[in-house]
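As structure tokens, the structure follows; a few thoughts come after it.
Residue numbers (the UniProt record's numbering): 1 to 354.
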């Protein structure tokens, strides 16, 4: 196993044997030339490396997507098998080791040991279509966050100019084109001065962000309808939730089973039993983006009286489950449904890094 601690400037690789004992290490530059150097080093160790790492070489890379992206692409293009190790899992492996401290080689060793200990970690794979969808979804979320911050600043300016005007605007009313158009005409006419100018400038910026966000939403919906229309048939799953599921899952075939997918999404039940108490609790780990998408779908289904999700939720409540326990069970059930829906039309592309 080769564990790699990735950074913007350098990558540190450590070779461990099947018992997790460190055998060799190397630091390379985080460039295309450095990636080729790392591959050549691994391939050049020869028989000694084969004895240390086992019959099949696997790479374990800390899941820092923007930093590890180019390395993953280089490894996958060379036909290597790469697994992603969540940072929290790496930190747990490091804290449980007898070697104290923190350094790049120590982190790389912990990454390799975590991958050895958890053979069900997902492979680093991404289809070009889901990669582009993830870029669009992330860009939309960034624009929404920017718009929210602008709306907060605009409300304070409006409160300073005219508290009654600010109170007359509903909590979610400052992203509506008609209201923005009215404010753009009102502010210069009735509120001259610096505060009015700043408020008018924010109105224009919010309108521009809203236009771009809606264009992105249309493009995302179009791509989802092509990639996985079956997801849109799932009650409570709209284009944005479906896009999040597609973007974060990449290719469902990289998971060994739907149980591995549920664990990755953070919806697998976590035992919380002791003595005569036998129960499970909500998972707090996993991919929180996937978890949030499943959570939105689950909440929506509980509000749809005729949905299977509502029937399952009511069944769990009738058995004595608390709200959180019933919702956790519903999310776990939805993870199985989503995984099977994604596998219905799964393509078989050439692997590419996320």
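Ideal placement from N, C-alpha and C gives every residue a C-beta, glycine not left out.
This one's a predicted model, so the numbers in the text were calculated from it and none came from an experiment.
Per-residue burial, residue i [other beta carbons within 10 Å of its own, 16 or more giving buried]
i           : result
residue 152 : exposed
residue 302 : buried
residue 314 : exposed
residue 12  : buried
residue 327 : buried
residue 333 : buried
residue 324 : exposed
residue 112 : buried
residue 66  : exposed
residue 349 : With a pLDDT of 49 at residue 349, under the threshold of 50, the predicted position of this residue should be treated as unreliable, and no value is reported.
residue 130 : buried
residue 251 : buried
residue 226 : exposed
residue 68  : buried
residue 21  : exposed
residue 115 : buried
residue 244 : buried
residue 19  : exposed
residue 268 : buried
residue 290 : buried
Supposed close pair residue i, residue j - CB separation, criterion 8 Å
i           : j           : result
residue 72  : residue 145 : Contact flag wrong, Cβ pair sits at about 27 Å.
residue 342 : residue 249 : 6 Å
residue 147 : residue 211 : That belief does not hold up - the Cβ atoms of residue 147 and residue 211 are roughly 11 Å apart, past 8 Å.
residue 89  : residue 56  : Not confirmed; about 21 Å, so no contact.
residue 127 : residue 14  : 30 Å between Cβ atoms; not a contact.
residue 159 : residue 199 : Going by Cβ atoms, the distance from residue 159 to residue 199 rounds to 10 Å, so no, they are not a contact pair.
residue 220 : residue 135 : Not confirmed; about 11 Å, so no contact.
residue 258 : residue 340 : 7 Å
residue 292 : residue 331 : Rounded, the Cβ-Cβ distance is 10 Å, inconsistent with contact.
Assigned secondary structure, residue i (DSSP; H/G/I helix, E/B strand, else coil)
i           : result
residue 6   : strand
residue 58  : strand
residue 271 : strand
residue 80  : coil
residue 13  : strand
residue 194 : helix
residue 137 : helix
residue 302 : helix
residue 230 : helix
residue 25  : strand
residue 31  : coil
residue 362 : No answer is possible for residue 362: it lies beyond the span of the chain, which begins at 1 and ends at 354.
residue 282 : coil
residue 277 : strand
residue 19  : coil
residue 174 : coil
residue 123 : strand
Pair within 8 Å by beta-carbon distance, residue i and residue j
i           : j           : result
residue 8   : residue 33  : no
residue 242 : residue 228 : yes
residue 246 : residue 140 : no
residue 85  : residue 63  : yes
residue 91  : residue 2   : no
residue 270 : residue 256 : no
residue 104 : residue 5   : yes
residue 94  : residue 58  : no
residue 335 : residue 304 : no
residue 239 : residue 224 : yes
residue 120 : residue 260 : yes
residue 26  : residue 41  : yes
residue 286 : residue 272 : no
residue 316 : residue 329 : yes
residue 254 : residue 122 : yes
residue 203 : residue 161 : no
residue 78  : residue 133 : no
residue 143 : residue 213 : yes
residue 344 : residue 230 : yes
residue 180 : residue 149 : no
residue 70  : residue 35  : yes
Any C-beta of chain C under 8 Å from that of residue i
i          : result
residue 76 : Absence of chain C from the displayed structure is noted, only one protein chain being present.
> Okay, do the segment 156-172 and the segment 185-199 touch, 3+ Cβ pairs below 8 Å being the bar?
Replying inline: yes
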